[in-house]
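Peer 1: Residue numbers (UniProt numbering): 1 to 86. Take a look at this one; I'll ask things after.
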Amino acid sequence: KKIKTVPEMISSANRIYSEFVQTEAPRQINIDCTTRENITKNISQPTLTSFDMAQKLVYSLMARDCYPRFLKSDIYQGLARKRDSR
Numbered sequence: 001k002k003i004k005t006v007p008e009m010i011s012s013a014n015r016i017y018s019e020f021v022q023t024e025a026p027r028q029i030n031i032d033c034t035t036r037e038n039i040t041k042n043i044s045q046p047t048l049t050s051f052d053m054a055q056k057l058v059y060s061l062m063a064r065d066c067y068p069r070f071l072k073s074d075i076y077q078g079l080a081r082k083r084d085s086r
């Protein structure tokens, strides 16, 4: 979704922060404390790039850890075998 106004950007940034970034957030993402602290420090004046570093970290973690583990998981292996046997 494209943000069109500054108030809309501030509202969206605060929603993202409270849902995913702040400590003990309901759906807290796995990012390092330095990135979390930088976002926290700057959340009062968010920009279009406020969450870029967090996004890069999450993508990197998924590529290096979560996705490879998923590919090795029993559930994925079972689905892949079913697909291949068709």
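Virtual Cβ for every residue (Gly too), placed ideally from N, Cα, C.
(1) For Ser-50, does the count of other Cβ atoms within 10 angstroms reach 16, so buried, or fall short, so exposed?
(2) Given that a residue counts as buried once 16 or more other Cβ atoms are within 10 Å of its Cβ, and exposed if not, what is Ile-31?
(3) With a cut-off of 8 Å on the beta carbons, I'd call Ala-63 and Val-21 a contact; round off their distance for me.
(4) Kindly give me the distance between the Cβ atoms of Ile-39 and Tyr-17, rounded to whole angstroms, as I take these residues to be in contact under 8 Å.
(5) Helix, strand or coil: how does DSSP classify Phe-20 here?
(6) Could you check if Ala-80 is buried or exposed, using at least 16 other CB atoms within 10 Å of its CB as the buried criterion?
(7) Kindly indicate which three-state DSSP category Leu-48 falls into: helix, strand or coil?
Peer 2: Taking the geometry as given:
(1) buried
(2) buried
(3) Not really, about 20 Å apart at Cβ, beyond 8 Å.
(4) 7 Å
(5) helix
(6) exposed
(7) coil
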